[in-house]
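Order-wise, the sequence lines are chains Y and V. Each residue of the first sequence is one higher than the one before, counting from 1 in the numbering used here. Each residue of the second sequence is one higher than the one before, counting from 1 in the numbering used here. Cβ atoms here follow ideal geometry from the backbone N, Cα and C, with glycine treated the same way.
Number of protein chains: 2
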Amino acid sequence: MFSVTCVAPVNIALIKYWGKRHEELILPVNDSISMTLSTDELCAKTTVTASESFERNRMWLNGEEVPFEEGSRLQRCLKEVHRLAVANGSQKVPPTWKLHIASVNNFPTAAGLASSAAGYACLVYSLSRLYDIPLSEELTTVARQGSGSACRSLYGGFVQWHRGALDDGSDSVARQIAPSDHWPNMHVLILVVNDARKKTASTRGMQQAVKTSQLIKHRVEQVVPDRITRLREAIASHDFQAFAEITMKDSNQFHAVALDTYPPCVYMNDVSHRIVSFVHDYNDRMGSYHAAYTFDAGPNACLYVLAEHVPHLLSAIQKVFPNDLADGDTYLRGLPIPKVQMLSAAIGFTGCSC
Amino acid sequence: MFSVTCVAPVNIALIKYWGKRHEELILPVNDSISMTLSTDELCAKTTVTASESFERNRMWLNGEEVPFEEGSRLQRCLKEVHRLAVANGSQKVPPTWKLHIASVNNFPTAAGLASSAAGYACLVYSLSRLYDIPLSEELTTVARQGSGSACRSLYGGFVQWHRGALDDGSDSVARQIAPSDHWPNMHVLILVVNDARKKTASTRGMQQAVKTSQLIKHRVEQVVPDRITRLREAIASHDFQAFAEITMKDSNQFHAVALDTYPPCVYMNDVSHRIVSFVHDYNDRMGSYHAAYTFDAGPNACLYVLAEHVPHLLSAIQKVFPNDLADGDTYLRGLPIPKVQMLSAAIGFTGCSC
Numbered sequence: 001m002f003s004v005t006c007v008a009p010v011n012i013a014l015i016k017y018w019g020k021r022h023e024e025l026i027l028p029v030n031d032s033i034s035m036t037l038s039t040d041e042l043c044a045k046t047t048v049t050a051s052e053s054f055e056r057n058r059m060w061l062n063g064e065e066v067p068f069e070e071g072s073r074l075q076r077c078l079k080e081v082h083r084l085a086v087a088n089g090s091q092k093v094p095p096t097w098k099l100h101i102a103s104v105n106n107f108p109t110a111a112g113l114a115s116s117a118a119g120y121a122c123l124v125y126s127l128s129r130l131y132d133i134p135l136s137e138e139l140t141t142v143a144r145q146g147s148g149s150a151c152r153s154l155y156g157g158f159v160q161w162h163r164g165a166l167d168d169g170s171d172s173v174a175r176q177i178a179p180s181d182h183w184p185n186m187h188v189l190i191l192v193v194n195d196a197r198k199k200t201a202s203t204r205g206m207q208q209a210v211k212t213s214q215l216i217k218h219r220v221e222q223v224v225p226d227r228i229t230r231l232r233e234a235i236a237s238h239d240f241q242a243f244a245e246i247t248m249k250d251s252n253q254f255h256a257v258a259l260d261t262y263p264p265c266v267y268m269n270d271v272s273h274r275i276v277s278f279v280h281d282y283n284d285r286m287g288s289y290h291a292a293y294t295f296d297a298g299p300n301a302c303l304y305v306l307a308e309h310v311p312h313l314l315s316a317i318q319k320v321f322p323n324d325l326a327d328g329d330t331y332l333r334g335l336p337i338p339k340v341q342m343l344s345a346a347i348g349f350t351g352c353s354c
Numbered sequence: 001m002f003s004v005t006c007v008a009p010v011n012i013a014l015i016k017y018w019g020k021r022h023e024e025l026i027l028p029v030n031d032s033i034s035m036t037l038s039t040d041e042l043c044a045k046t047t048v049t050a051s052e053s054f055e056r057n058r059m060w061l062n063g064e065e066v067p068f069e070e071g072s073r074l075q076r077c078l079k080e081v082h083r084l085a086v087a088n089g090s091q092k093v094p095p096t097w098k099l100h101i102a103s104v105n106n107f108p109t110a111a112g113l114a115s116s117a118a119g120y121a122c123l124v125y126s127l128s129r130l131y132d133i134p135l136s137e138e139l140t141t142v143a144r145q146g147s148g149s150a151c152r153s154l155y156g157g158f159v160q161w162h163r164g165a166l167d168d169g170s171d172s173v174a175r176q177i178a179p180s181d182h183w184p185n186m187h188v189l190i191l192v193v194n195d196a197r198k199k200t201a202s203t204r205g206m207q208q209a210v211k212t213s214q215l216i217k218h219r220v221e222q223v224v225p226d227r228i229t230r231l232r233e234a235i236a237s238h239d240f241q242a243f244a245e246i247t248m249k250d251s252n253q254f255h256a257v258a259l260d261t262y263p264p265c266v267y268m269n270d271v272s273h274r275i276v277s278f279v280h281d282y283n284d285r286m287g288s289y290h291a292a293y294t295f296d297a298g299p300n301a302c303l304y305v306l307a308e309h310v311p312h313l314l315s316a317i318q319k320v321f322p323n324d325l326a327d328g329d330t331y332l333r334g335l336p337i338p339k340v341q342m343l344s345a346a347i348g349f350t351g352c353s354c
């Protein structure tokens, strides 16, 4: 019997991934760039056990067994890992031995924090440790086939997922742009916003966007490539002003494309938009960008802020949003106001580890 | 002393006007199409009096005097009307006589129902009656210089405002596509949604969109021309299915462009989006489009529906939105639920009249 336990981080996209050019291989219509968060606050944790005595593959997610179906993304990832194990001449664990996989997130799935990205990154990374496969660009293509943005969670720091051009997806890989210690005073605050509204799942939302939005094509071809170049430069030169503006604009444009989808997909709510207004007002008051927001396919805000500005920003947030927090439409993991600061600060960023 | 009193209708854009190519002349970046509402429910009413004894031009809006400043849009419209009066050889009222102008809306300005469009249309139409100038394409260019969409309120029925190509704006005119009796069973329901949020004024929002949105150019050049053609065909052939889809998509895209503006402009709120979801769900249930929404630069919904479907739609709305109505975040002109139906139905559509 062999067993391995690994953790994988959450990553937050700065240039958004929205839209696939191949559904099954999960090939994106454009490059994306993300920042990986520290696993100290938020992570997925997976234990994979291989044993000659197991009769079949089984998987538990947050304690509940989930089906391990033929043709599923889970199955697909496992097959790809087996292929890599053979290619690498790895013989540590016989590929015929069945697996028991147990994965947990230390944050609520309902928080909408891309749990599937951390989850699939953790699964693939754990399997790679089990079968003794080195972390490589090719391994990111395996994670990608579990959940697109999972490929970015294999690395710490700033990571670019390349669209690629090949039909088989072998060049649609994630690469680290800068390691986790490159911009050590970069911090993230996550404001979790409660939301009762039924959302369109990301997979479906993307499909509909590619099919029906007349603006997404222009975004993909004319807007994103330039933003990728400029964000890379901003990261390389620690230019928070450029970083903030590109990040906020790309978040807005992703939600604009979702709204241009038919029927429209709406992920932000009134509280999200109040956070956006707050950030712009706050930056105006400060005289330069001290904070930048980004929103994924949900109402929660991720705010980027440099370490030295965290205390001031937090106190400003708590002044502006006490009523919302009190009447229950904004909360952080269900905890009362004084805890916002404690739990929302995800400081530093690291990749997968075992 | 001469006096004239006219009424002008509200018009609701189906293909949205958003963005100017000339600020002062109010020349739009794209064509737009609107439907003019009946003046029975909603209208602006203006009385213009000319007298040799008046010492200066004065204007009252809803009972309050407003400044009549040199260089204002008001002044500009008056000058243009005087120019047309001379060109038309009109001698009824001496152009040296000063004017007293009193204008009222029979609906709250706060309802966000394009009161300036009806207001300027009414002003210009009243002046044209006073000075005996015929209603013409040229007169629509005068109303346009008061408030862009005002040019569309001079006519009843379906109206197209042409972008035009000339620098002096003389070909940026409104023309009737179909008269008010062309589609007699076309009805509009207006759902007024309360909103506390501070909005970006339309003029500023448009300027910012043209300056900062990377998507608006694509909309203007690649999307709108085709939609104009197809909506004209849908109107000509009474094709409610095509009419509904084009109208909803264009409303969504206008709000997408507003969101892609930097900083973003957000006009719809959570209740607006719940109305959108409701309309899509309702149409799904009906098996075809029975209702179409459109939202201007505010949270209120205009729903298009054929006369024979009004009662069923109204009862469905009242089933879905009673809680919102009860807890105060959706209301119709501040009145309780049972009045929704009464006040929201603007049936039929007519142009200006005296």
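Which chain Y residues are close to Pro250 (chain V), counting only those with a beta carbon under 9 angstroms from its beta carbon?
On the second sequence, position 250 is the one that residue 250 (chain V) refers to. Here residue 250 (chain V) is Asp; the residue named in the question, Pro, does not match the sequence. Ordered by position in chain Y, no residue passes the 9 angstroms Cβ test against Asp250 (chain V), which lies about 10 angstroms from the chain.
Is Ala301 (chain Y) near the ligand ZN, judged by its Cβ being under 6 angstroms from some heavy atom?
You won't find the ligand ZN in this model; it holds no ligand whatsoever.
Contacts around Ser3 (chain V), its chain only, beta-carbon distance under 6 angstroms, and the 5 residues preceding and following it disregarded:
Counting from 1 along the second sequence, the entry for residue 3 (chain V) is found at position 3. Result list for Ser3 (chain V): Thr49, in chain order.
If you pair each beta-carbon of the stretch 284 to 300 of chain V with each one of the stretch 231 to 245 of chain V, do three or more pairs fall below 8 angstroms?
yes
Secondary structure at Val48 (chain V), three-state DSSP: helix, strand or coil?
Here residue 48 (chain V) corresponds to residue number 48 of the second sequence, with the count starting at 1. DSSP places Val48 (chain V) in strand when its eight states are reduced to three.
In the stretch 210 to 223 of chain Y, which residues sit with their C-beta less than 9 angstroms from some C-beta in chain V, listed in chain order?
Thr212, Ser213, Gln214, Leu215, Lys217, His218, Arg219, Gln222, Val223
Cα-Cα separation, Leu74 (chain V) to Ala118 (chain V)
Start at 1 with the first residue of the second sequence, and residue 74 (chain V) comes out as number 74. Start at 1 with the first residue of the second sequence, and residue 118 (chain V) comes out as number 118. Whole-angstrom Cα-Cα distance: 14 angstroms.
Is there a C-beta anywhere in chain Y that falls below 7 angstroms from the one on Gln160 (chain V)?
The sequence position of residue 160 (chain V) within the second sequence is 160, counting from 1. Not an interface residue.
Helix, strand or coil: which one does DSSP assign to Ser210 (chain V)?
Position 210 of the second sequence, counting from 1, holds the residue named residue 210 (chain V). Here residue 210 (chain V) turns out to be Val, not Ser, going by the sequence shown. Note: Val210 (chain V) maps to helix in three-state DSSP.
As a quick exercise: from V:Ile101, V:Ser136, V:Asp168, V:Leu166, pick the residue whose alpha carbon is nearest that of Ser153 (chain V).
Stepping through the second sequence from its first residue, residue 153 (chain V) is reached at position 153. Out of V:Ile101, V:Ser136, V:Asp168, V:Leu166, V:Ser136 has the C-alpha closest to the C-alpha of Ser153 (chain V).
Smallest Cα separation from Asp270 (chain V): which of V:Thr261, V:Glu245, V:Ala174, V:Ala301?
Residue mapping note: residue 270 (chain V) aligns to position 270 of the second sequence, counting from 1. Measuring from the Cα of Asp270 (chain V), the nearest candidate turns out to be V:Ala301.
Cα separation between Ile12 (chain Y) and Leu37 (chain Y)?
Residue 12 (chain Y) sits at position 12 when you count from the first residue of the first sequence. Residue 37 (chain Y) sits at position 37 when you count from the first residue of the first sequence. Taking the straight line joining both Cα atoms gives about 8 angstroms.
Looking at the structure shown, is His238 (chain Y) part of a helix, part of a strand, or coil, going by DSSP?
By 1-based counting over the first sequence, the position of residue 238 (chain Y) is 238. His238 (chain Y): coil per DSSP, three-state reduction.
Helix, strand or coil at Cys77 (chain Y) [DSSP, three-state]
The residue you call residue 77 (chain Y) lines up with position 77 of the first sequence. If DSSP states are grouped into helix, strand and coil, Cys77 (chain Y) belongs with the helices.
If I measure Cβ to Cβ from His100 (chain V) and keep anything under 7 angstroms in the same chain, skipping five residues before and after, which residues do I get?
Walking along the second sequence from the start, residue 100 (chain V) turns up at place 100. Excluding residues within five positions, the ones whose Cβ falls inside 7 angstroms are Thr49, Phe54, Arg58.
Counting Cβ pairs, one atom from each stretch, are 3 or more of them under 8 angstroms apart for the stretch 138 to 158 of chain V and the stretch 170 to 182 of chain V?
yes
Considering only the alpha carbon of each residue, which of Y:Ala87, Y:Ile26, Y:Lys45 lies closest to Val7 (chain Y)?
The count along the first sequence starts at 1 and reaches residue 7 (chain Y) at position 7. Among Y:Ala87, Y:Ile26, Y:Lys45, the Cα nearest to that of Val7 (chain Y) belongs to Y:Lys45.
For Gly63 (chain Y), count neighbouring Cβ atoms within 10 angstroms of its own Cβ and tell me buried if that reaches 16, exposed if not.
Residue numbering aside, residue 63 (chain Y) sits at position 63 when the first sequence is read from its first letter. With fewer than 16 Cβ atoms within 10 Å of its Cβ, Gly63 (chain Y) is classed as exposed.
Consult DSSP for His218 (chain V) and reduce its assignment to one of helix, strand or coil.
By one-based count along the second sequence, residue 218 (chain V) stands at place 218. In the structure shown, His218 (chain V) sits in a helix (DSSP, three-state: H, G or I).
Output, in chain order, the set of chain V residues within a Cβ distance shorter than 8 angstroms of Val66 (chain Y).
Against the first sequence, residue 66 (chain Y) aligns to sequence position 66. In chain order: nothing, as chain V lies at least about 30 angstroms away.
Nearest-angstrom beta carbon gap, Pro263 (chain V) and His255 (chain Y) [assumed within contact, 8 angstroms]
Position 255 of the first sequence, counting from 1, holds the residue named residue 255 (chain Y). Position 263 of the second sequence, counting from 1, holds the residue named residue 263 (chain V). Incorrect: roughly 13 angstroms between the Cβ atoms, too far for contact.
Where does His290 (chain Y) fall in DSSP's three states?
Position 290 of the first sequence holds residue 290 (chain Y). The answer is coil: DSSP assigns His290 (chain Y) none of H, G, I, E or B.
Kindly indicate the opening and closing residues of the beta strand (DSSP E) around Tyr304 (chain Y).
Along the first sequence, one-based indexing puts residue 304 (chain Y) at 304. DSSP places Tyr304 (chain Y) inside the beta strand (DSSP E), whose first and last residues are 301 to 306.
To the nearest angstrom, how far is the alpha carbon of Gln160 (chain V) from that of His182 (chain V)?
What you label residue 160 (chain V) is simply residue 160 of the second sequence in a count that begins at 1. What you label residue 182 (chain V) is simply residue 182 of the second sequence in a count that begins at 1. Rounded to whole angstroms, Gln160 (chain V) to His182 (chain V) spans 15 angstroms at the Cα level.
What are the uninterrupted segments assigned as alpha helix (DSSP H) that are 4 or more residues long and contained completely in the stretch 136 to 162 of chain Y, given in chain order?
137 to 144
Can you pull the DSSP bridge partners for Val66 (chain V)?
For the purposes of this step, residue 66 (chain V) is identified with residue 66 of the second sequence, where counting begins at 1. V:Met59, per the DSSP bridge assignment.
Under the three-state DSSP convention, the category Tyr331 (chain Y) falls into:
To locate residue 331 (chain Y), count along the first sequence from 1; it is residue 331. Residue placement at Tyr331 (chain Y) is flagged as unreliable, the pLDDT there being 37, under the threshold of 50; a coordinate-derived value is accordingly withheld.
Per DSSP, which residues does Ile177 (chain Y) bridge with? Please list them.
Counting from one through the first sequence, the residue named residue 177 (chain Y) turns up at place 177. DSSP output for Ile177 (chain Y) lists no bridge partner at all.
Tell whether a beta-carbon distance below 7 angstroms holds between Thr141 (chain Y) and Gln208 (chain Y).
Within the first sequence, the letter at position 141 stands for residue 141 (chain Y). Within the first sequence, the letter at position 208 stands for residue 208 (chain Y). In this structure, Gln208 (chain Y) does not lie closer than 7 angstroms to Thr141 (chain Y) by Cβ.
Give the DSSP bridge partners of Ser32 (chain Y), in chain order.
As a first step, residue 32 (chain Y) must be located in the first sequence, where it is residue number 32. Note: Ser32 (chain Y) sits in a beta bridge opposite Y:Trp161.
DSSP-derived helix/strand/coil call for Leu130 (chain Y):
Against the first sequence, residue 130 (chain Y) aligns to sequence position 130. In this structure, Leu130 (chain Y) counts as helix in the three-state DSSP scheme.
Length of the line joining the Cα atoms of Ile364 (chain V) and Glu138 (chain Y):
Nothing in the structure corresponds to residue 364 (chain V), since chain V is present only between 1 and 354.
Alpha carbon of Pro67 (chain Y) to alpha carbon of Asn30 (chain Y), nearest angstrom:
Reading the first sequence from its first residue, position 67 is the one you call residue 67 (chain Y). Reading the first sequence from its first residue, position 30 is the one you call residue 30 (chain Y). Rounded to whole angstroms, Pro67 (chain Y) to Asn30 (chain Y) spans 32 angstroms at the Cα level.
Straight-line Cα distance separating Pro134 (chain Y) from Ser126 (chain Y):
Within the first sequence, residue 126 (chain Y) is the residue found at index 126, counting from 1. Within the first sequence, residue 134 (chain Y) is the residue found at index 134, counting from 1. Going by the C-alpha atoms only, they are around 11 angstroms apart.
Does DSSP put Thr5 (chain V) in a helix, a strand or coil?
Position 5 of the second sequence, counting from 1, holds the residue named residue 5 (chain V). Note: Thr5 (chain V) maps to strand in three-state DSSP.
Would you say Leu259 (chain Y) reaches chain V, if we count a Cβ-Cβ gap shorter than 7 angstroms as a contact?
Within the first sequence, numbered from 1, the residue matching residue 259 (chain Y) stands at position 259. With 7 angstroms as the cut-off, Leu259 (chain Y) counts as an interface residue toward chain V.
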